[in-house]
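Participant:
Number of protein chains: 2
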Amino acid sequence: MKNQFYSYIQNLQNQITQALEEIDGKAKFKEDVWERPEGGGGHTRVIENGDTIEKGGINISAVHGNLPKSMQTYFKVGEVDFFACGLSLVIHPKNPMAPTVHANWRYFEMYDKSGKLIDQWFGGGLDLTPYYLFEEDATHFHQHCKKACDLHHADFYKDFKAQCDLYFYNAHRDEARGIGGLFFDYLKANDSFSIQDRYDFVSQVGNVFLDAYLPILIKRKDLHYTKSQRDWQEIRRGRYVEFNLIHDKGTLFGLKTKGRIESILMSLPPHVQWHYDFEPEQASQEALLIEVLKKPKEWV
Amino acid sequence: MKNQFYSYIQNLQNQITQALEEIDGKAKFKEDVWERPEGGGGHTRVIENGDTIEKGGINISAVHGNLPKSMQTYFKVGEVDFFACGLSLVIHPKNPMAPTVHANWRYFEMYDKSGKLIDQWFGGGLDLTPYYLFEEDATHFHQHCKKACDLHHADFYKDFKAQCDLYFYNAHRDEARGIGGLFFDYLKANDSFSIQDRYDFVSQVGNVFLDAYLPILIKRKDLHYTKSQRDWQEIRRGRYVEFNLIHDKGTLFGLKTKGRIESILMSLPPHVQWHYDFEPEQASQEALLIEVLKKPKEWV
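Protein chains in written order, with my numbering: chain A, 15 to 314; chain B, 15 to 314.
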């Protein structure tokens, strides 16, 4: 399974890289290959200062070895070995009318000291963070999320959409980071699903990413915008930074276990603003977005 | 003692507000008075878009009531009442040649349910975060820190300078946030010092702030700078954000106990950048700063 999934994310990384470079037309992804001293490593691909993409990264990694102490505590296990691989991506478009997107698909294995597999699961999802709300974009994105889910179980979309709204939440601001999508974790084999079924589902979600996001990016990337709309985007990107540095388990975990900092923090937006007590005008497009972020909606 | 210290920080807030407004010449501090539903409140003063100060805040607050659950755990006590007051300030100058400064002075009391005082202590300090290193500025700042300390105990400067280097440290970057200053906490009455001695020391440190910082701000605020030096300032401000959102106990504590968000996050800089794997040129002024941040120096 680990080889099967790693091949899958390698191909997906190439596919997404190529599609985004084509749309951007100007900038190219730059690849850094890195090694983890304790075992494994990754391929970090970053694009900056494009015509369409101001900053973005598509990273894959596969790491293994003794499960670090902090992860033993987190997973409530003793001294075991592990293997983990995954793809993480964040795209910050330049145009404030185009939403930021984040996605992640990952697979985890644990072994006892004799090398016997004792646990394995998948996790991941995808979610959208608009600066201006186009309802049709939110619906389009969620329709594709739902389509991938419905092929596997009638409850998946409802459940994983709800988990996404719960997870990507800036509790200290009482608002969602964006308009959601899917989030799932600890997808293990059970009476209803084999681990191969889980793989089939997670790769289905991975396969839907480009269809879910690209049409939105293409539609919005060349729209006209003003200086004050750009400022609004940079202020909202501040909330993105707040989520990633205060709440995101993956980011904090990476920082605390001394992961490769530049690969972890490539998710942070390129230009960001914080103003004291900034409030959009009543009934403005900006205020409308906040209203939706305060109360997650059903988009499909 | 609580009235004595609260009067002191009220006066200090007025004094610092006035001195900074005079230097800026253009912008004025705007005051927001807020109340804490469970008891107490604060006066938040923020200045933005000045000629000299791009963003800054000087806040005082005095809060009281039942010690929140999370603070009971933190302080390892049961159900007690508390009183806490303090002044917090952060100044982000516009000119990258002028350093950001942060300072905080606070006083805490705890009572049992009959209202008897069971514990009391002071905490605080001040520290400097330059974007370009002028050694004479670092020395000037630390000389004033030392002067305040030396009037109270021969070991204070050495001890509190070391605690500052230890505290304002971005562990995930293996570098200090800035060039330090003083940091102290849990200054209680003991065999050597009465609580009045502690007050005398902390107010001495408060009194030294303007002399420690203003001459540096005045000297650097109108120096010429280039676009790329401004970019470097905004990139380094990213490290400031990382420290405050990932490591700073005061910030995280405020967010987790649902403090007034805008007063807590007024510390974040107005314009910030993150680039992937940005490295200054070898032997440049920018590289020189990093070198000093990697290895805290003795400035006096």
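Every residue gets a Cβ at the ideal spot worked out from N, C-alpha and C, and that includes glycine.
All values reported here derive from a predicted model rather than from experimental measurement.
1) Determine whether the beta carbon atoms of B/Leu-142 and B/Pro-113 lie at a separation below 7 Å.
2) Quick check on A/Glu-276 - is its C-beta less than 7 Å from some C-beta in chain B?
3) Any beta-carbon of chain B closer than 7 Å to the one on A/Tyr-290?
4) For A/Glu-295, return the contacting residues in chain B, with the cut-off set at a CB-CB distance below 7 Å.
5) Buried or exposed: where does A/Ile-232 fall if 16 or more other Cβ atoms within 10 Å of its Cβ makes it buried?
6) In angstroms, rounded to a whole number, what distance separates the CA positions of B/Met-111 and A/Met-124?
7) Could you give the first and the last residue of the continuous beta strand (DSSP E) run that contains B/Leu-236?
8) Starting from A/Ala-255, trace the alpha helix (DSSP H) both ways and give me its first and last residue.
9) Going by beta carbon distance, what residues of the same chain come within less than 8 Å of A/Val-255, once the five residues before and after it are set aside?
10) Can you check DSSP and say which residues form a bridge with B/Leu-142?
11) Which of the three DSSP states, helix, strand or coil, is assigned to B/Phe-96?
12) Identify, in the order they occur along the chain, each residue of the same chain with its Cβ nearer than 7 Å to the Cβ of A/Ile-278, setting aside the five sequence neighbours on each side.
13) Can you give me the C-alpha to C-alpha distance between A/Lys-108 and B/His-156, rounded to a whole angstrom?
14) Please list, in chain order, the chain A residues whose beta carbon lies closer than 9 Å to that of B/Glu-62.
15) Any idea if A/Gly-39 is buried or exposed, counting beta-carbon neighbours within 10 angstroms, 16 or more meaning buried?
16) Any idea which residues DSSP pairs A/His-57 with across the strands?
17) Return yes when the Cβ of A/Phe-43 is within less than 7 Å of the Cβ of A/Thr-58, no when it is not.
18) With DSSP run on the structure shown, which of helix, strand or coil describes B/Phe-223?
19) Check distances from the C-beta atoms of the region 245-259 of chain A to those of chain B and list, in chain order, the residues that come in under 7 Å.
20) Within the 7 Å Cβ cut-off, does A/Val-286 reach chain B?
21) Which whole-angstrom value describes the C-beta separation of A/Phe-97 and A/His-78, a residue pair presumed to lie in contact below a C-beta threshold of 8 Å?
22) Tell me where the alpha helix (DSSP H) around A/Phe-156 begins and ends.
23) Give me the chain A residues within the contact set of B/Pro-11, using Cβ-Cβ distance strictly less than 8 Å, ordered along the chain.
24) If you compare alpha carbons, which of B/Cys-163, B/Tyr-22, B/Trp-48, B/Leu-180 is closest to B/Pro-219?
25) Mapping the DSSP letters down to three states, classify A/Tyr-290 as helix, strand or coil.
26) Quick check on A/Ile-132: buried or exposed, where buried means 16 or more other Cβ atoms within 10 Å of its Cβ?
27) Quick one: list the residues of chain A neighbouring B/Arg-187, beta-carbon separation under 9 Å, in chain order.
28) Which two residues bound the contiguous alpha helix (DSSP H) that contains A/Met-85?
29) Bridge partners for A/Tyr-121 per DSSP, in chain order?
30) Determine the extent of the alpha helix (DSSP H) in which B/Leu-303 is found, giving its start and end residues.
31) When you compare only the Cα positions, how much space is there between A/Arg-244 and B/His-167?
32) Tell me, please, whether the CB atom of A/Leu-34 is closer than 7 Å to any CB atom in chain B?
33) B/Val-104 bridges to which residues according to DSSP?
34) Between the alpha carbons of A/Val-104 and B/Gln-210, how many angstroms are there, rounded?
35) Is there at least one Cβ from chain B nearer than 7 Å to A/Met-280's Cβ?
36) Just how far apart, CA to CA, sit A/Phe-122 and B/Pro-229?
Facilitator: Reading off the structure:
1) Here residue 142 of chain B corresponds to residue number 128 of the second sequence, with the count starting at 1. Here residue 113 of chain B corresponds to residue number 99 of the second sequence, with the count starting at 1. Yes, they are a contact pair.
2) Indexing the first sequence from 1 puts residue 276 of chain A at position 262. The beta carbon of A/Glu-276 falls within 7 Å of a beta carbon belonging to chain B, placing the residue at that interface.
3) Translated into the one-based positions of the first sequence, residue 290 of chain A becomes position 276. So, interface residue.
4) As a working mapping, residue 295 of chain A is identified with position 281 in the first sequence. Residues of chain B passing the Cβ test: none, with the nearest at roughly 18 Å.
5) If you number the first sequence from 1, residue 232 of chain A lands on position 218. Classification for A/Ile-232: exposed.
6) Counting from one through the second sequence, the residue named residue 111 of chain B turns up at place 97. Counting from one through the first sequence, the residue named residue 124 of chain A turns up at place 110. Going from the Cα of B/Met-111 to the Cα of A/Met-124 covers about 51 Å.
7) Along the second sequence, one-based indexing puts residue 236 of chain B at 222. The question names Leu, but residue 236 of chain B in the sequence shown is Asp. Unbroken run through B/Asp-236: none, as it is neither H nor E.
8) Along the first sequence, read from residue 1 onward, the residue named residue 255 of chain A stands at position 241. The sequence as given places Val at residue 255 of chain A; Ala does not occur at that position. Note, A/Val-255: alpha helix (DSSP H), 241-256.
9) Counting from 1 along the first sequence, the entry for residue 255 of chain A is found at position 241. Contacts found: Leu-282, Pro-283, Val-286.
10) On the second sequence, position 128 is the one that residue 142 of chain B refers to. Partner(s): B/Val-115, B/Gly-194.
11) Position 82 of the second sequence holds residue 96 of chain B. B/Phe-96 sits in a strand when the DSSP states are folded into three classes.
12) Taking the first sequence and counting its residues from 1, one reaches residue 278 of chain A at position 264. Answer for A/Ile-278: Thr-265, Gly-268, Leu-269, listed in chain order.
13) Within the first sequence, the letter at position 94 stands for residue 108 of chain A. Within the second sequence, the letter at position 142 stands for residue 156 of chain B. Each residue's alpha carbon lies about 43 Å from the other.
14) Here residue 62 of chain B refers to the residue found at position 48 when the second sequence is read from its first residue. Within 9 Å Cβ-Cβ: His-289, Tyr-290.
15) Taking the first sequence and counting its residues from 1, the one referred to as residue 39 of chain A is at position 25. A/Gly-39 comes out exposed.
16) By one-based count along the first sequence, residue 57 of chain A stands at place 43. Beta-bridge pairing links A/His-57 to A/Val-47, A/Ile-74.
17) Position 44 of the first sequence, counted from the first residue, corresponds to residue 58 of chain A. Position 29 of the first sequence, counted from the first residue, corresponds to residue 43 of chain A. Not closer than 7 Å, so no.
18) Numbered from 1 along the second sequence, position 209 holds the residue referred to as residue 223 of chain B. Helix, per DSSP.
19) Val-255, Glu-256, Leu-259
20) Sequence index remark: in the first sequence, residue 286 of chain A carries index 272 (1-based). By this cut-off, A/Val-286 is an interface position.
21) Here residue 97 of chain A refers to the residue found at position 83 when the first sequence is read from its first residue. Here residue 78 of chain A refers to the residue found at position 64 when the first sequence is read from its first residue. With 8 Å as the limit, A/Phe-97 and A/His-78 qualify as a contact, their Cβ atoms being about 4 Å apart.
22) Here residue 156 of chain A corresponds to residue number 142 of the first sequence, with the count starting at 1. Note that residue 156 of chain A is His in the sequence shown, not Phe. Taken as a continuous stretch (DSSP letters only), the alpha helix (DSSP H) holding A/His-156 covers 149-164.
23) Past the edges of chain B, shown from 15 to 314, lies residue 11 of chain B, and the structure says nothing about it.
24) Numbered from 1 along the second sequence, position 205 holds the residue referred to as residue 219 of chain B. Note that residue 219 of chain B corresponds to Val in the displayed sequence, not to Pro. Selected option, being the one with the closest Cα: B/Cys-163.
25) Mapped onto the first sequence, residue 290 of chain A falls at position 276. Note: A/Tyr-290 maps to coil in three-state DSSP.
26) Taking the first sequence and counting its residues from 1, the one referred to as residue 132 of chain A is at position 118. Burial call: exposed.
27) Mapped onto the second sequence, residue 187 of chain B falls at position 173. Those within 9 Å of B/Arg-187 in chain A are Ile-275.
28) Counted from its first residue, the first sequence places residue 85 of chain A at position 71. Looking at the DSSP string, the run of the alpha helix (DSSP H) that includes A/Met-85 is 83-89.
29) Here the question's residue 121 of chain A lines up with position 107 in the first sequence. Note: A/Tyr-121 sits in a beta bridge opposite A/Cys-99, A/Phe-136.
30) The sequence position of residue 303 of chain B within the second sequence is 289, counting from 1. Note, B/Leu-303: alpha helix (DSSP H), 299-308.
31) For the purposes of this step, residue 244 of chain A is identified with residue 230 of the first sequence, where counting begins at 1. For the purposes of this step, residue 167 of chain B is identified with residue 153 of the second sequence, where counting begins at 1. So the alpha carbons of these two residues sit roughly 53 Å apart.
32) Walking along the first sequence from the start, residue 34 of chain A turns up at place 20. Chain B, which has no Cβ nearer than 7 Å to the Cβ of A/Leu-34, makes this no.
33) Position 90 of the second sequence holds residue 104 of chain B. Paired residues: B/Gly-71, B/His-116.
34) The count along the first sequence starts at 1 and reaches residue 104 of chain A at position 90. The count along the second sequence starts at 1 and reaches residue 210 of chain B at position 196. Distance between the alpha carbons of A/Val-104 and B/Gln-210 is about 54 Å.
35) Locating residue 280 of chain A in the first sequence gives position 266, counting from the first residue. Answer yes: the Cβ-Cβ gap between A/Met-280 and chain B drops below 7 Å somewhere.
36) On the first sequence, residue 122 of chain A is found 108 positions in, with the first residue counted as 1. On the second sequence, residue 229 of chain B is found 215 positions in, with the first residue counted as 1. Within the model, the alpha-carbon separation for A/Phe-122 versus B/Pro-229 is close to 56 Å.
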